[in-house]
Ligand code: F0G
């Protein structure tokens, strides 16, 4: 029986008798062994498939708690800045509890599916002629001044909820992996996973800690460059962020775990994106593929030990960004006459018949 993470991890979360029992059945996502990629990389590679969450991204884990706590604290409205997934998730959970949801997104830099989700769940969607970092700065000011709850990952309940993914990884593998590879945008998720791994070990449920490998998109790699990127650019719109809010805790996670924060190019991201679909049957969004692109890069640099057990977090579902798929994959649907022979002609050519 599925429970949802508030119920399942109740004793690891700041839940009281007053916390509304809220769930869309988030969490309990698959951990898949990537057979072909494992072979190719000489590693033992797994994919944590967060695209299987109710709104199609990992955000649901933190959002269910952030929205439940907002309601518990008497709030009637929530707000976030978003590159898309946070807004979709906030809108869904706010709808479920009958709360008002305001989302501020960068105009024309949010994937189609995410926009359609926010609209369908009934959020007030404000599309600004600016980027995510500018949106976040404004919503932080507004929520400081007005009785609206901020549900970006600077809200500590978001991190608390998201840390449950690390618990699941340990439970699914029977132990923490050697390496946890993850895309980095606003840097909340890498901070949450590290917190989760540390807590799970402290409570005696696991016996080791993974090295944390975080990967930014090269055109938005503030942490790698050591300074904010004023005009971040990447095909991976979800992580098109130039001044990550959780910068410090992300660096801490990398340092304390003897890991690293590195960057991957759009070409490397797109290559991994299409590899995941074709070799492993997983259609994730471009930003998610940064984790796998990063591991491929590390292997090429000689930084991946043979046989290392690696978990790559695939943060969001590829269906959210259909335009990216169609724009960046060379093969296009063939348009043919409505004729059985025309279909057979293609098959015969393909099969060499
Ligand atoms: N992958 C996806 C699919 C995302 O949507 C995000 C962040 C990340 C990775 C990076 O996670 O920010 O915790 O480092 N999306 C946010 C949003 C910013 O608004 O949906 P992070």
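Numbering (this note's numbering), first residue to last: 1410 to 1762. Glycine included, each C-beta is placed from N, C-alpha and C at the ideal position. Computed from a predicted model, the values in this text were never measured in an experiment.
Residue environment, residue 1693, which counts as buried when at least 16 other CB atoms sit within 10 Å: Buried is the label assigned to residue 1693, since at least 16 other Cβ atoms lie within 10 Å of its Cβ.
So residue 1671 is in the beta strand (DSSP E); what residue range does that whole segment cover? 1669–1673
Whose C-alpha, out of 1416, 1422, 1446, 1639, is nearest the C-alpha of residue 1433? 1416
Determine the extent of the alpha helix (DSSP H) in which residue 1623 is found, giving its start and end residues. Where residue 1623 is concerned, there is no enclosing alpha helix (DSSP H), although the beta strand (DSSP E) it sits in stretches over 1620–1626.
Closer than 7 Å: is that where the CB of residue 1694 sits relative to any heavy atom of the ligand F0G? yes
Please state whether DSSP places residue 1682 in a helix, a strand or coil. Secondary structure of residue 1682 (DSSP, three-state): helix.
To the nearest angstrom, how far is the alpha carbon of residue 1746 from that of residue 1514? 42 Å
Heavy atom of the ligand F0G less than 7 Å from the Cβ of residue 1592, yes or no? yes
Express the C-alpha separation of residue 1450 and residue 1688 in angstroms, rounding to a whole number. 13 Å
Compute every distance between the C-beta of residue 1756 and the non-hydrogen atoms of the ligand F0G, then say whether any falls below 7 Å. no
Whole-Å CB distance - residue 1527 paired with residue 1512, under 8 Å assumed: 5 Å
Please return the same chain residues whose Cβ sits closer than 6 Å to the Cβ of residue 1442, not counting the five positions on each side in sequence. 1455
For residue 1537, name the three-state secondary structure that DSSP assigns. strand
Near residue 1681, which residues of its chain fall below 7 Å by C-beta distance, leaving aside the five closest residues on each side in sequence? 1698, 1701, 1702, 1705
Out of 1728, 1714, 1740, 1727, state which residue places its alpha-carbon closest to the alpha-carbon of residue 1452. Taking only the C-alpha atoms, the option nearest residue 1452 is 1714.
Please report the distance separating the alpha-carbon of residue 1844 from that of residue 1506. The structure shown does not extend to residue 1844, since the chain spans only 1410 to 1762, so no value can be given for it.
To the nearest angstrom, report how far apart residue 1481 and residue 1691 are at their CA atoms. 37 Å
Could you tell me which uninterrupted beta strand (DSSP E) segments, each at least 3 residues in length, are contained entirely in the region 1554–1619, listed from first to last along the chain? Here the runs fully enclosed are 1588–1592.
If you follow the alpha helix (DSSP H) that residue 1657 is in, where does it begin and where does it stop? 1656–1665 is the extent of the alpha helix (DSSP H) around residue 1657.
Give me whichever residues DSSP pairs with residue 1490 in a beta bridge. 1513
Between the beta-carbon of residue 1490 and the beta-carbon of residue 1558, is there less than 8 Å? no
Whether or not the region 1565–1575 and the region 1591–1608 are in contact is what I'm after, with contact meaning three or more pairs of Cβ atoms, one per stretch, closer than 8 Å; do they touch? yes
Look at the Cβ atom of residue 1696, then the Cβ atom of residue 1632, and state whether they are nearer than 8 Å. no
What is the DSSP secondary structure of residue 1436, reduced to helix, strand or coil? coil
Residue 1540 versus residue 1629: straight-line alpha-carbon distance, rounded: Using only the alpha carbons, I get a separation of about 12 Å.
Would residue 1426 be called buried (16 or more neighbouring beta carbons within 10 Å of its own) or exposed? exposed
Burial state of residue 1667 (16 or more Cβ within 10 Å): It is exposed - the Cβ of residue 1667 has fewer than 16 other Cβ atoms within 10 Å.
Between which two residues does the beta strand (DSSP E) harbouring residue 1482 extend? Run containing residue 1482: none; DSSP gives neither H nor E here.
Below 8 Å on the Cβ atoms is my contact criterion, and I expect residue 1499 with residue 1578 to pass it. Report the Cβ-Cβ distance as a whole number of Å. Not quite, the Cβ-Cβ distance comes to about 25 Å (not below 8 Å), so this is no contact.
Own chain, CB closer than 6 Å to residue 1469, minus 5 neighbours either side, in chain order: Excluding its 5 nearest sequence neighbours in each direction, residue 1469 has C-beta neighbours in its own chain below 6 Å: 1435, 1462, 1463, 1498, listed in chain order.
Which word fits residue 1613, buried or exposed, when buried means at least 16 other C-beta atoms lie within 10 angstroms of its C-beta? exposed
Reference residue 1412, options 1739, 1424, 1665, 1431, closest by Cα: Relative to the Cα of residue 1412, the nearest Cα in the group 1739, 1424, 1665, 1431 belongs to 1431.
In the DSSP assignment, the beta strand (DSSP E) including residue 1453 goes from what residue to what residue? 1453–1458
Give every residue of the same chain whose Cβ lies closer than 8 Å to the Cβ of residue 1591, excluding the five residues on either side of it in the sequence, and list them in chain order. 1598, 1599, 1602, 1621, 1622, 1623, 1624, 1700, 1721, 1722, 1724
Leaving out the 5 sequence neighbours to the left and right, which residues in its chain are closer than 6 Å to residue 1504 when beta-carbon positions are compared? 1530, 1531
Say yes only if the C-beta of residue 1761 is nearer than 7 Å to one or more non-hydrogen atoms of the ligand F0G, and no if none qualify. no
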